[in-house]
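*Asks:*
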Amino acid sequence: MGLLLCRTDALPGIVALADLKVVLERNILTGTSFLLDMFEKALSLNCGEYPACAAMTTGYCFRIENRATVYFLQKIGKTGHLTTLAVSGSKKQSKRLARDISELIYVLAIAISLTMLVVLAMIHDWWCLAAVLILILPRLINVIVIRRRVSADWSGATEPEVRGDLIISLSQARWIRMKGCVDVLKAITSGQWLREPSFNESSLVGLSTFLVYFEAILAGNASERGKLLLLIALFCSYGLLGVVNRRIKVLQMKNRLIKVESQSERYMRRLDIAEQLVKDTDRDD
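So the sequence shown is numbered by our numbering: it starts at 122 and just counts up by one.
1) Return the CA-CA distance between residue 354 and residue 298, expressed in angstroms with no decimal places.
2) Give every residue of the same chain whose Cβ lies closer than 6 angstroms to the Cβ of residue 294, excluding the five residues on either side of it in the sequence, and list them in chain order.
3) How big is the Cα-Cα spacing for residue 229 and residue 402?
4) With C-beta atoms as the reference, is residue 194 less than 8 angstroms away from residue 262?
5) In three-state DSSP terms, what is residue 373?
6) Exposed or buried, what is residue 227 when buried is set at 16 or more other beta-carbons lying within 10 Å of its beta-carbon?
7) Got a sec? Which residues, its chain only, sit under 8 angstroms from residue 190 by beta carbon, not counting five neighbours each side?
8) Whose C-alpha, out of 352, 197, 271 and 303, is nearest the C-alpha of residue 278?
9) Tell me the rounded alpha-carbon separation between residue 392 and residue 289.
10) Roughly how many whole angstroms lie between the Cα atoms of residue 172 and residue 280?
11) Considering only the alpha carbon of each residue, which of 232, 205 and 247 lies closest to residue 362?
12) Which partner residues does residue 295 have in the DSSP bridge list?
13) From the DSSP output, which residues share a beta bridge with residue 285?
14) Please find out if some non-hydrogen atom of the ligand HEM comes closer than 7 angstroms to the beta-carbon of residue 245.
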């Protein structure tokens with residue numbers, strides 16, 4: 122019965138604290154964090170799989186430790202299927218987001234947050250307005266920290282004009298084949314997306330976490346209209362951003378672009394995919 126007596130005036134703060142992944146997913150798929158993301162929710166990167174990978178041209182085996190790349194592979198991989206990816210090294214292309222309805226949806230999610238600020242000021246709900254502004258501040262901190270931590274670290278010796286062909290084995294019987302220039306493949310699969318945070322960056326993240334919890338306290342003092350507006354804005358914003366992430370079919374990483382080229386029919390056993398790869402590469406070692 123105690124659960125039934127929980128006060129509803131804490132709901133906006135609870136929703137703001139929810140561990141949703143939509144903003145993190147967008148940061149991964151676009152390769153960085155944009156200033157407009159300060160109106161969305163700040164989250165930490167957490168991905169535990171490091172899939173085995175083999176170069177079918179040389180036989181060299183290693184593990185992919187770039188967690189953003191691993192996340193994308195998990196997203197597009199399908200159990201029992203071989204998904205083929207094409208890798209591009211065009212900086213101009215990789216910096217340009219897909220110009221389709223996804224951009225409009227993303228802008229709409231940001232517009233909802235900005236509109237809510239104006240409405241809260243018009244109805245003089247200063248508690249709720251303060252809560253929203255305090256919620257934006259840690260997200261701004263998140264944007265700054267992520268942009269500073271985006272890493273372009275070591276990726277091995279350059280091999281210009283050399284083509285590579287990788288086969289990657291993911292959990293849940295998902296297989297990925299990635300083709301492109303060796304230098305581009307190295308940049309995407311080696312190293313890490315975000316370097317380890319410095320002491321100052323860790324301190325800022327700690328401060329932003331405190332501010333998010335402080336916002337939850339302020340939200341409880343807002344008017345009923347303010348709480349309702351905050352709930353609607355949070356749900357709409359998260360929902361729209363989730364739709365945008367589902368529509369993104371490419372990964373932008375270190376000025377490179379990965380996109381799905383094809384996906385095979387379902388294989389009944391692993392031997393079938395091995396035989397197909399031997400046939401495609403003319404290798405049996």
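Each residue gets a CB set at the ideal place from its N, CA and C atoms; glycine is no exception.
*Replies:* From the atom records:
1) 40 angstroms
2) 200 and 201
3) 47 angstroms
4) no
5) strand
6) buried
7) 309, 310, 314, 372, 374 and 379
8) 303
9) 15 angstroms
10) 24 angstroms
11) 232
12) 291
13) 301
14) Annotation note on the ligand HEM: not contained in the displayed structure, which lists no ligands.
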